[in-house]
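Asks:
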Amino acid sequence: MSNKEQVLKELFPEDIMSISKGLTEGEVQFLKQLDDLLESKYRKDINQHWTEATIPEGFFEDMGKLQYFSNPLLFEGRENAKTTSQLFQFFMSYVLARFDVSLVTLLGVHQGLGHNIFLFGGSKEQVAKYVPKLQSHELRTCFALTEPDHGSDVAGGLETGAEKHGDKWIINGSKKWIGGANVADVMPVFAINKETGKPACFVVRPEQEGVDIEVLQHKIALRIVPNALITLKDVEVSEADRLQNINSFKDIAKILYSTRAGVAYMATGGIAGTLRATLDYVKQRKQFGRPISQYQLVQEKIALIQGNLAQAMAMCA
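Residue numbers (UniProt numbering): 1 to 317.
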């Protein structure tokens, strides 16, 4: 058995269709490093962070050090590629979600929606200014689209507005359920251009005058992810901080579309985490003098989870 095969067997024992064999040696090495980091540094306290609704200290910095956008390991044997492979992107989200769905969601807001709005929505100058720092995690970001009264209907219902005065914009309104806003360095805020009636996107900084960020309390789901209410009162933003390629909801939809597969990746990793936790429990829990894993009623449920996981992995890959 090769070193790659051995690592994959240890890293993805639930991959019964061997989908992970399509990963390169470098990708497998990277994913092993990621899994080792999560287990060695964050496993011990992750449940406490869930209970207290806090972000593990150092997580964002550690992910930046891994250089998951540009690590040379991810381009071994594919030197002409400009981005990491789709299969790697799936398994990176999978490994994170298998460990904790909050952490993968928190990272996904930054490296998915947040990063992509700058990458696809910015001018060449804006891309050069922000994207390298977002990829290295020198800067943190979020995605401030939804509002107190508008979630799924944002395409026609944004109330936050922006009025242009010379080379500056004045923004008024509010955004709600914005993941990671309280730890962001730059916030892409969507508002209706009062002159055209079409949406635009502005780079707002949390410390600006007129910006108030309140973390929402008593969440049930994804408790490690801080969701916030952002209130904007006469916030002044320069034309240079308007993302130049966001001029309609069609432009916003492209950003949303670019991250949709990632949602399935996270859900699939969550199934894998469920399977692992279940197996750990049924092997140590005893009833009638033996582990409950030996009873067919329990085995049937485990087989159902494994079957659902295999199907989900096949669809994602």
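Just so it is clear, CB atoms sit at the ideal spot from N, CA and C, and this is done for glycine as well. In this text, all values refer to a predicted model and were calculated from it rather than measured experimentally.
Hey, quick one: how far does the beta strand (DSSP E) through E214 stretch, first residue to last?
Replies: Counting along the chain, the beta strand (DSSP E) containing E214 begins and ends at V211 to V215.
Asks: Expressed to the nearest angstrom, what Euclidean distance is found between the alpha-carbon atoms of E52 and G108?
Replies: The alpha-carbon atoms of E52 and G108 are separated by roughly 21 Å.
Asks: How many Å lie between D234 and A310 at the Cα?
Replies: Approximately 51 Å, taken between the alpha carbons.
Asks: Is the beta carbon of G157 closer than 8 Å to that of I255?
Replies: No. Outside cutoff.
Asks: Along the chain, where does the beta strand (DSSP E) containing V131 start, and where does it finish?
Replies: Counting along the chain, V131 falls outside any beta strand (DSSP E), though it belongs to the alpha helix (DSSP H) covering K124 to Q135.
Asks: Keeping to the same chain, check which residues put their C-beta closer than 6 Å to that of D100; ignore five residues upstream and five downstream.
Replies: Cβ within range, chain order: I46.
Asks: In terms of residues, what are the limits of the alpha helix (DSSP H) holding T51?
Replies: Residues I46 to E52.
Asks: Let me know the beta strand (DSSP E) ranges lying completely inside the UniProt domain "Acyl-CoA oxidase/dehydrogenase middle" (142-235), each 3 residues or longer, listed in chain order.
Replies: Entirely contained in the UniProt domain "Acyl-CoA oxidase/dehydrogenase middle" (142-235), the beta strand (DSSP E) runs reaching 3 residues are, in chain order, 161-165, 168-179, 187-193, 199-204 and 211-215.
Asks: At what residues does the alpha helix (DSSP H) containing L256 begin and finish?
Replies: Note, L256: alpha helix (DSSP H), F249 to S258.
Asks: Counting only the same chain and skipping the five closest in sequence on each side, list residues whose C-beta sits under 7 Å from that of K283.
Replies: Result list for K283: P291 and S293, in chain order.
Asks: For Q244, name the three-state secondary structure that DSSP assigns.
Replies: It is coil, neither helix nor strand.
Asks: For G197, which of R276, P132 and E163 has the nearest alpha-carbon?
Replies: Of the candidates R276, P132 and E163, the one whose C-alpha sits nearest the C-alpha of G197 is E163.
Asks: Using the three-state DSSP reduction, which class does Q67 fall into: helix, strand or coil?
Replies: It is coil, neither helix nor strand.
Asks: Taking only three categories from DSSP, how would you classify S102?
Replies: Three-state result, S102: helix.
Asks: Exposed or buried, which one is L304 when buried takes at least 16 other CB atoms within 10 Å?
Replies: The residue in question, L304, is exposed, as its Cβ has fewer than 16 Cβ neighbours within 10 Å.
Asks: For N245 and I213, which I take to be in contact (beta-carbon distance under 8 Å), what is that distance rounded to the nearest angstrom?
Replies: 26 Å between Cβ atoms; not a contact.
Asks: Check each candidate in K194, T54 and D185 and name the one with the smallest Cα separation from H218.
Replies: Ranking K194, T54 and D185 by Cα distance to H218 puts T54 first.
Asks: Opposite P291 in the DSSP bridges: which residues?
Replies: Answer by DSSP bridge pairing, in chain order: K286.
Asks: Taking a contact to mean a Cβ-Cβ separation below 8 Å, would you say P188 touches L243 in this structure?
Replies: Cβ distance < 8 Å, so P188 and L243 count as in contact.
Asks: Report back the beta-carbon spacing between A184 and T231 to the nearest angstrom; my notes put them in contact at under 8 Å.
Replies: The Cβ separation is near 15 Å, so there is no contact.
Asks: Given this structure, state the Cα-to-Cα distance separating L23 from G112, to the nearest angstrom.
Replies: Each residue's Cα considered, the two are about 21 Å apart.
Asks: Could you work out which residue in K44, G269 and S258 is closest to M315 when comparing CA atoms only?
Replies: Looking at the Cα atoms, G269 is the closest of the given residues.
Asks: Examine the Cβ distances between the segment 30-44 and the segment 64-79 and report whether three or more of them are shorter than 8 Å.
Replies: In short, these stretches touch, since the Cβ pair count reaches three.
Asks: Closest to K124 by C-alpha separation, out of L103, G210 and A240, would be which residue?
Replies: Answer by Cα proximity: A240.
Asks: Using a Cβ-Cβ cutoff of less than 8 Å, which residues in the same chain neighbour D149 once the five nearest sequence positions on both sides are dropped?
Replies: The residues are G157 and E159.
Asks: Does the structure place the segment 86-106 close enough to the segment 257-272 that three or more beta carbon pairs sit under 8 Å?
Replies: In short, these stretches touch, since the Cβ pair count reaches three.
Asks: Since I believe I252 is in contact with P206 (beta carbons under 8 Å), could you give me their beta-carbon distance rounded to a whole number of angstroms?
Replies: Going by Cβ atoms, the distance from P206 to I252 rounds to 22 Å, so no, they are not a contact pair.
Asks: Identify which residue in L279, S258 and Y42 has its Cα closest to the Cα of H115.
Replies: It is S258.
Asks: Let me make sure I understand the geometry here. Which of L73, K21 and E57 has the alpha-carbon closest to that of L38?
Replies: For the residues L73, K21 and E57, the minimum Cα distance to L38 belongs to E57.
Asks: Taking all protein chains shown into account, do 16 or more other C-beta atoms lie within 10 angstroms of the C-beta of Q135, making it buried, or fewer, making it exposed?
Replies: That one is buried.
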